[in-house]
Structures are given as C-alpha cells and as structure tokens.
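Participant: Let me give you the structure first, and then I'll get to my questions.
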Amino acid sequence: MNDLDVLKVFCAGDGRYGNPLGVVRDGRTCPDDASRQALAAELGYSETVFVDDPERGVVDIRTPGTRMAFAGHPLVGVAWLLDIEELQPPAGPVWARDDGEFTWITARPEWVEGKRTEQYASAAEVEALPAPPPGEGWLYAWAWEDETAGRVRARGFPRRPDGAIVEDEATGSAAILLTAELNRALNITQGAGSQILTAPGPDGTVEIGGRVRFAPPREPAAAAN
Numbered sequence: 121m122n123d124l125d126v127l128k129v130f131c132a133g134d135g136r137y138g139n140p141l142g143v144v145r146d147g148r149t150c151p152d153d154a155s156r157q158a159l160a161a162e163l164g165y166s167e168t169v170f171v172d173d174p175e176r177g178v179v180d181i182r183t184p185g186t187r188m189a190f191a192g193h194p195l196v197g198v199a200w201l202l203d204i205e206e207l208q209p210p211a212g213p214v215w216a217r218d219d220g221e222f223t224w225i226t227a228r229p230e231w232v233e234g235k236r237t238e239q240y241a242s243a244a245e246v247e248a249l250p251a252p253p254p255g256e257g258w259l260y261a262w263a264w265e266d267e268t269a270g271r272v273r274a275r276g277f278p279r280r281p282d283g284a285i286v287e288d289e290a291t292g293s294a295a296i297l298l299t300a301e302l303n304r305a306l307n308i309t310q311g312a313g314s315q316i317l318t319a320p321g322p323d324g325t326v327e328i329g330g331r332v333r334f335a336p337p338r339e340p341a342a343a344a345n
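Numbering (the numbering used here), first residue to last: 121 to 345.
In structure tokens form, the structure reads like this:
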C-alpha cells in the first residue's frame with residue numbers, strides 16, 4: 121500500500137527497539153470494517169491505525185483480531201506522524217504534544233480494558249519469564265529496577281487465543297494503567313529495550329511519551345508464505 125507508514129514507537133535513546141505500528145494515512149482506501157480488519161490481520165502488527173480525518177485526528181485502531189476504542193502506542197505514533205494537538209479515537213479526545221525528542225499523549229486510565237498488572241520481586245524474575253507465561257488474559261509483568269528513581273522493568277503478554285502476538289514490545293495502555301495504580305511518574309524499560317515515560321496528572325489523567333521513528337515495512341504474512 122502506497123499510503124502505509126510503518127513506525128517504531130517507544131524507541132530507546134539510540135533509535136533501536138520500539139513497537140512496530142502500521143498507519144494507513146487515508147482510511148478511504150479501506151472503507152469498511154471487513155477490509156480494515158483483514159488488512160490489520162495481514163500486516164500482523166500489534167496495532168494498525170486507519171486515519172479517517174487527519175485534520176481533526178479521527179482514527180480507527182485495529183489489532184489483528186479486533187477494533188479498539190483506545191490504545192497507547194498507536195496514538196503516540198500517529199500523533200508524531202500527523203503532528204497535531206488532539207486525536208479522536210472512539211474512547212474520547214486525546215491531547216498530544218511534542219517536545220522535540222518525545223511525543224506525548226494524555227489519556228484516562230479507565231479507557232484501558234482487559235489488562236492486568238502483576239508485580240514481581242526483581243527485574244531478573246521479569247526477564248526470566250517464558251513468553252507467554254502460563255495463564256489467561258493480558259498480563260503486564262513488572263518489577264522495580266530502582267524504586268526511588270521510578271525505574272521499572274516490564275514485559276507485556278497479550279495471551280490471546282489466536283496467539284498472533286506472543287509478547288508486546290512496548291505497551292502504552294498498560295503503562296498508563298500501572299502509572300495510575302502507583303500514582304507516580306515512571307521510566308519503563310519494556311521488551312527488548314523500549315523506553316516509555318509516564319506521569320500522572322492532577323485530574324486523574326496520565327501523560328505518556330516516547331520516541332517515534334520510521335521503520336521499514338514488514339512483508340505481510342500472506343506474501344511471505
């Protein structure tokens with residue numbers, strides 16, 4: 121697709137890592153629900169965003185299996201790409217800003233659905249977990265690397281029945297949920313080395329930010345077979 125951008129969201133300081141994101145800049149190329157879901161499944165990214173109105177920031181977020189009202193890493197990525205101050209996912213208005221290095225969005229933790237956080241005793245325990253750990257449901261496994269400094273080691277496991285995404289490299293919505301639970305700013309290292317920054321707001325919102333870079337598009341699964 122000529123209008124497909126592939127981004128890496130929540131990159132490390134050297135530009136490595138980050139969670140891949142597909143962005144279809146012109147949502148009219150996939151006008152119906154079935155074609156959007158089929159493309160999201162074919163691409164195989166944890167999320168793909170369809171931009172329905174680039175000026176107003178109206179977006180449609182899809183995983184390989186379903187439509188989402190809110191997701192953190194897709195909105196950080198599309199905010200960076202469109203360079204606008206407000207996005208309109210189905211969950212509600214999301215404010216965005218860019219400070220030159222990090223792109224930030226402000227969202228409500230109650231928009232995060234179906235995810236559970238679990239604290240482990242050490243970062244080493246989190247790193248030693250199998251992918252995925254036994255059990256059901258979306259698990260955000262985390263431990264303090266330095267509690268005083270707010271540094272966290274985390275890994276995200278969707279544990280969906282289809283097994284399309286075994287481990288999520290960087291999960292904005294789960295980081296928002298953890299920030300709200302702890303009520304403090306966090307510097308999270310997730311996955312192989314992605315970086316997520318967060319801060320709770322005075323009105324119950326959470327601001328989350330990260331570095332975004334362009335990535336080479338991955339060959340769709342159907343074409344690779």
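Using N, Cα and C, we set each Cβ at its ideal position, and we do this for glycine too.
1. DSSP on I285, reduced to helix/strand/coil?
2. Relative to the alpha-carbon of G313, which residue among V272, G192, Q208, A294 has its alpha-carbon at the smallest distance?
3. With distances taken between CB atoms, is the gap from A284 to F130 smaller than 7 angstroms?
4. Relative to the alpha-carbon of D146, which residue among D134, L201, P184 has its alpha-carbon at the smallest distance?
5. Are A211 and A189 close, meaning C-beta to C-beta below 7 angstroms?
6. Once the 5 residues before and after A160 are set aside, which same chain residues still bring their CB inside 6 angstroms of it?
7. Would P332 pass as a contact of L207 if the rule is Cβ separation under 7 angstroms?
8. Among L141, P254, V179, I308, which residue has its Cα nearest to the Cα of G329?
9. Below 8 angstroms on the Cβ atoms is my guess for A274 versus V246; work out the distance and round it to an integer in Å.
10. Can you name, in chain order, every residue of its own chain whose Cβ lies under 8 angstroms from the Cβ of A335, other than the five neighbours on each side?
11. Please state whether DSSP places V196 in a helix, a strand or coil.
12. Reducing DSSP to helix, strand and coil, say where A342 ends up.
13. P252 and V286 - do their beta-carbons sit closer together than 7 angstroms?
Facilitator: Judging by the given coordinates:
1. coil
2. V272
3. no
4. Checked all of D134, L201, P184; the closest Cα to D146 is L201.
5. yes
6. T168, R182, P184, listed in sequence order.
7. According to the sequence as given, residue 332 is Val; it is not Pro. For V332 and L207, no; Cβs fall outside 7 angstroms.
8. I308
9. 7 angstroms
10. V126, L127, K128, G138, P140
11. helix
12. Residue placement at A342 is flagged as unreliable, the pLDDT there being 43, under the threshold of 50; a coordinate-derived value is accordingly withheld.
13. yes
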